[in-house]
Structures are given as C-alpha cells and as structure tokens.
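Colleague: Counting with the numbering used here, you get residues 61 to 419 for the letters of the sequence shown. Okay, handing you the structure first.
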Amino acid sequence: MLATFAKPEAATEENIQEFQDNVPYLDLTVPHDDLFNGAAAVMKALFPQLKTDDISYIQFKDGITNKLICCTDKASGLQVLVRAYGKKSEVIIDRKQEIMNMVILSKLDLCPPLYGKFRNGLAYGCVPGKVFSVADMRDPHKMNLVAKKISVWHNTVKIPGERSSKLFKTIHKWIKEVPESYSKPAVQEIFAKNFNMETLHKELIHLENHLLKLNSPVVFCHNDLLYGNLIYNEEKDDAFFIDYEYGSYSFRGFDIGNHFNEWCGFECEYENYPSKETQYKWFSSYLNAGRDESKGPVTEEEIAKVYREVNKFALASHFYWGIWALVQAQLSDIDFDYMPYAVLRFAEYFKRRDEFLAL
Numbered sequence: 061m062l063a064t065f066a067k068p069e070a071a072t073e074e075n076i077q078e079f080q081d082n083v084p085y086l087d088l089t090v091p092h093d094d095l096f097n098g099a100a101a102v103m104k105a106l107f108p109q110l111k112t113d114d115i116s117y118i119q120f121k122d123g124i125t126n127k128l129i130c131c132t133d134k135a136s137g138l139q140v141l142v143r144a145y146g147k148k149s150e151v152i153i154d155r156k157q158e159i160m161n162m163v164i165l166s167k168l169d170l171c172p173p174l175y176g177k178f179r180n181g182l183a184y185g186c187v188p189g190k191v192f193s194v195a196d197m198r199d200p201h202k203m204n205l206v207a208k209k210i211s212v213w214h215n216t217v218k219i220p221g222e223r224s225s226k227l228f229k230t231i232h233k234w235i236k237e238v239p240e241s242y243s244k245p246a247v248q249e250i251f252a253k254n255f256n257m258e259t260l261h262k263e264l265i266h267l268e269n270h271l272l273k274l275n276s277p278v279v280f281c282h283n284d285l286l287y288g289n290l291i292y293n294e295e296k297d298d299a300f301f302i303d304y305e306y307g308s309y310s311f312r313g314f315d316i317g318n319h320f321n322e323w324c325g326f327e328c329e330y331e332n333y334p335s336k337e338t339q340y341k342w343f344s345s346y347l348n349a350g351r352d353e354s355k356g357p358v359t360e361e362e363i364a365k366v367y368r369e370v371n372k373f374a375l376a377s378h379f380y381w382g383i384w385a386l387v388q389a390q391l392s393d394i395d396f397d398y399m400p401y402a403v404l405r406f407a408e409y410f411k412r413r414d415e416f417l418a419l
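Below, the structure is given as structure tokens:
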C-alpha cells in the first residue's frame with residue numbers, strides 16, 4: 061500500500077532559508093584520500109555524545125559523482141551518511157539547490173533528515189531498507205511501488221522559486237564545459253574517434269525544439285532514478301528514493317524516461333529497456349496514484365499519450381547523461397569509465413532517435 065504524507069506548511073523563500081540556516085555548518089573538510097578519518101571528524105562534531113569506538117565506517121562505491129561513507133553507531137543503531145562532493149562537481153551540480161531539496165523533502169517525509177553540512181559535503185540520515193538491484197527495477201511488484209512513489213513526488217513536492225524546467229538550460233550549460241581536448245591520451249583518443257561537438261550542438265537544438273512542442277507537465281523531478289538510488293523497505297512494503305542532488309523542476313516525461321533508461325544499468329544493456337506492454341502497466345499505476353475519483357478511471361488514450369511523451373524524453377536522458385559523462389571524463393577522480401559510458405549513451409540515442417521521435 062502506498063505511503064501517505066501529511067501536507068507540509070507552505071514553503072516560502074523565507075522559511076526555507078530559515079530551515080537551511082538551522083542546518084549546522086562544520087568548518088571541516090573530508091579528504092578523498094582519507095575518507096574514514098574525515099567522516100569520523102564529522103561524526104564527532106555532530107554527535108559528541110557517541111563513543112568513538114562504537115562507530116563503524118563503510119564506503120559505498122556505487123556512486124559515480126561523490127564519495128560516500130556509511131557511519132553506524134553500534135550502541136544506538138544510528139546510521140549517518142557522510143558524503144564528500146566529487147572533485148569539481150560544482151560544475152555539474154547546484155549545491156544550494158540540493159540543500160533546499162533535502163530540507164523540503166524531509167518535511168514531506170520523502171527523505172531523511174539533513175544533520176549537517178561541511179566544506180565539501182553533507183551528513184544526513186540513512187533510509188532503512190535494501191538498495192535495488194538492476195533486476196529489481198523490472199520486478200512487477202517493486203516497479204509498481206516505484207511508479208506510485210514517482211507520482212507522489214510529481215504531485216506533492218513544491219519548491220520555492222521559478223517553476224520552469226531546468227532540463228535544457230542544464231544541458232546547454234554542461235555542453236559548454238566539454239573540453240576541446242582531454243588531458244589523458246586514452247580518453248582523448250576515444251573522444252576524437254566518436255564525437256563531433258558541432259554535430260552535438262545542432263542535435264541538441266533539434267531535440268529541444270521537438271520535445272518542447274509536447275507540453276510535458278513541469279513537475280519537481282528526481283532526475284536520477286537509477287537502481288542505486290532506489291530503496292525497498294520490506295517492513296513498509298514501499299519504495300523510497302535517495303540522493304537528491306540532481307533534483308529540480310523538469311518535464312514529467314524526462315523523469316520517467318530517464319528511469320526507464322536506468323533499467324539497463326551502467327552497462328547500458330538496452331535489451332532491458334521496458335517493452336510497450338510493461339510501460340503501459342507502469343503508467344496505469346503512476347496515473348492512478350492519488351487520482352481524483354471525479355476524473356474516473358485512467359483511459360487508454362491517456363496512457364498512450366504518456367507513452368509517446370516518455371519515450372521521446374528518454375532521448376533527452378541519453379543526451380543529458382552523455383554530455384554529463386563528457387564533462388566528468390575530464391574533471392572527476394572517481395574510478396569510472398566516463399568516456400566509454402558517453403559513447404554508449406549517444407550510440408543508443410542515435411539508434412532510437414528516429415523511432416522515438418516518430419511516435
């Protein structure tokens with residue numbers, strides 16, 4: 061059964077700023093080459109009552125933007141995630157927006173509490189449950205829970221400020237950050253062989269002009285619903301989302317289309333992209349969640365419209381993460397093959413472009 065959430069008090073620029081100001085700031089840095097000691101310093105500053113010897117530390121290595129340490133107090137069971145921002149990730153991510161996201165989402169019980177911020181990161185609560193596997197995203201019951209929870213986000217979350225989509229503004233900003241050449245010869249060789257930036261610029265404008273005509277609803281989106289950001293809580297039989305740094309107002313079709321692309325994992329096994337039949341079942345759950353009874357049951361026509369919208373925006377997802385990977389290939393110190401990943405995302409974009417735009 062889908063969890064219900066109490067209505068929050070009206071969020072305004074003023075009270076959100078007040079909430080943000082109340083988040084403790086620590087004048088500390090968590091070094092990437094000394095994560096455990098850095099996390100220990102954060103825990104000592106935020107929770108001085110805890111015994112140092114009772115706290116254990118584990119690094120989660122699935123993330124490809126930041127460095128993440130799970131800190132567990134054996135005596136109380138308290139779990140805190142200490143996240144050190146990835147190298148130069150501020151080029152990619154609006155960190156002020158991220159904190160605002162977490163403040164509001166926590167008031168809606170859609171994310172854990174934010175305990176503190178430090179020079180290069182955040183400390184926040186841990187969502188209880190088990191991280192999805194890629195296969196879990198295709199599980200009929202779990203995908204139904206995810207569809208309903210995305211609907212809750214799209215229909216409930218309101219963030220102060222301009223409620224226009226940031227999708228194409230973000231891609232245009234990122235594409236300017238793609239270097240003319242890469243410092244690592246092997247990376248540069250792959251880039252030179254596979255990419256022409258003038259072609260990508262023209263392709264982006266063409267895609268943007270097509271997708272804007274769809275009038276996809278602008279809602280608050282997670283924008284990064286890959287398997288590692290999905291948690292299944294068996295006790296509540298519910299799905300929860302983590303990692304809110306890419307969250308912003310965007311097109312409904314993008315958030316869902318991006319999620320469908322993530323059914324294929326980092327290995328980009330696109331044979332796992334959901335079929336039309338599977339998508340129709342997913343859309344039925346999504347559209348029925350929280351639906352006003354006066355509107356009656358969801359119609360086949362409504363589902364067909366969302367199907368066209370989502371699959372067209374799945375192309376924008378490939379473009380978004382493809383450009384992201386081209387930027388990260390130069391900036392990031394995380395052990396991930398960003399450039400080959402960019403090649404895979406754009407290969408699938410061009411493979412499916414004509415098919416999806418014709419829907």
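Virtual Cβ for every residue (Gly too), placed ideally from N, Cα, C.
Where does THR64 land, buried or exposed, given buried means 16+ other C-beta within 10 angstroms?
Modeller: In the sequence shown, the residue the question calls residue 64 occupies position 4. With a pLDDT of 33 at THR64, under the threshold of 50, the modelled position of this residue cannot be trusted, and the question is left open.
Colleague: I'd like to confirm the pairing. Which residues does DSSP put opposite TYR292 in its beta bridges?
Modeller: Reading the sequence shown from its first residue, position 232 is the one you call residue 292. Answer is LYS190, ALA299.
Colleague: Does the beta-carbon of THR359 have 16 or more other beta-carbons within 10 angstroms, so that it is buried, or is it exposed?
Modeller: Within the sequence shown, residue 359 is the residue found at index 299, counting from 1. Under this definition THR359 is an exposed residue.
Colleague: Verify whether the separation of the beta carbon atoms of ILE235 and MET399 is less than 7 angstroms.
Modeller: Position 175 of the sequence shown holds residue 235. Position 339 of the sequence shown holds residue 399. Not closer than 7 angstroms, so no.
Colleague: If we require 4 or more residues per run, which alpha helix (DSSP H) segments fall completely within the segment 112 to 170?
Modeller: Listed in chain order, they are 155 to 167.
Colleague: What do you get for GLU305, buried or exposed, if any count of 16 or more other CB atoms within 10 angstroms of its CB means buried?
Modeller: Within the sequence shown, the letter at position 245 stands for residue 305. GLU305 comes out buried.
Colleague: With respect to the beta strand (DSSP E) encompassing PHE311, which residues constitute its N-terminal and C-terminal limits?
Modeller: For the purposes of this step, residue 311 is taken as residue 251 along the sequence shown, with counting starting at 1. That run of the beta strand (DSSP E) goes 308 to 311.
Colleague: Note the first and the last residue of the continuous beta strand (DSSP E) segment covering LYS177.
Modeller: Looking up residue 177 in the sequence shown gives position 117. Looking at the DSSP string, the run of the beta strand (DSSP E) that includes LYS177 is 174 to 178.
Colleague: Using only CA atoms, which one of GLY221, PRO245, LYS209 lies nearest to TYR292?
Modeller: Locating residue 292 in the sequence shown gives position 232, where the first residue counts as 1. Out of GLY221, PRO245, LYS209, LYS209 has the C-alpha closest to the C-alpha of TYR292.
Colleague: What residue range does the beta strand (DSSP E) around PHE280 cover?
Modeller: Taking the first residue of the sequence shown as position 1, residue 280 is located at position 220. Segment 278 to 281, the beta strand (DSSP E) holding PHE280.
Colleague: If we ignore side chains and look at the alpha-carbon of each, how far apart do LYS273 and PHE311 end up?
Modeller: Locating residue 273 in the sequence shown gives position 213, counting from the first residue. Locating residue 311 in the sequence shown gives position 251, counting from the first residue. Their backbone Cα atoms lie some 12 angstroms apart in a straight line.
Colleague: Near ALA389, which residues of its chain fall below 6 angstroms by C-beta distance, leaving aside the five closest residues on each side in sequence?
Modeller: Your numbering for residue 389 matches position 329 in the sequence shown. For ALA389, where only same-chain residues beyond five positions count, the Cβ hits under 6 angstroms are VAL247, TYR398, MET399.
Colleague: Compute the distance between the beta-carbons of LYS147 and SER392, then report whether it is under 7 angstroms.
Modeller: One-based indexing of the sequence shown puts residue 147 at position 87. One-based indexing of the sequence shown puts residue 392 at position 332. Their beta carbons are under 7 angstroms apart, which means LYS147 touches SER392 by this criterion.
Colleague: Is the beta carbon of GLU408 sitting closer than 7 angstroms to the one on TYR346?
Modeller: Position 348 of the sequence shown, counted from the first residue, corresponds to residue 408. Position 286 of the sequence shown, counted from the first residue, corresponds to residue 346. Not in contact: GLU408 and TYR346 (Cβ atoms no closer than 7 angstroms).
Colleague: Using the Cα positions of HIS282 and PRO220, report the straight-line distance between them to the nearest angstrom.
Modeller: Position 222 of the sequence shown, counted from the start, is the residue given in the question as residue 282. Position 160 of the sequence shown, counted from the start, is the residue given in the question as residue 220. Straight-line Cα distance between these residues: approximately 16 angstroms.
Colleague: For a test of the three-state rule: what should DSSP assign to ALA183, helix, strand or coil?
Modeller: In the sequence shown, the residue the question calls residue 183 occupies position 123. Of the three classes helix, strand and coil, the one that applies to ALA183 here is strand, per DSSP.
Colleague: Taking the straight line between their C-alpha atoms, what separation do you get for ALA66 and PRO173?
Modeller: To locate residue 66, count along the sequence shown from 1; it is residue 6. To locate residue 173, count along the sequence shown from 1; it is residue 113. With a pLDDT of 37 at ALA66, under the threshold of 50, the modelled position of that residue is not reliable, and no figure is offered here.
Colleague: Hey, out of ILE153, PHE406, TYR145, ASP122, whose CA is closest to ASN321's CA?
Modeller: As a position in the sequence shown, residue 321 is number 261, starting the count at 1. When each option's Cα is compared against that of ASN321, the closest is PHE406.
Colleague: Assuming HIS214 contacts VAL279 (C-beta within less than 8 angstroms), just tell me the rounded distance between them.
Modeller: Position 154 of the sequence shown holds residue 214. Position 219 of the sequence shown holds residue 279. That belief holds up - the Cβ atoms of HIS214 and VAL279 are roughly 4 angstroms apart, short of 8 angstroms.
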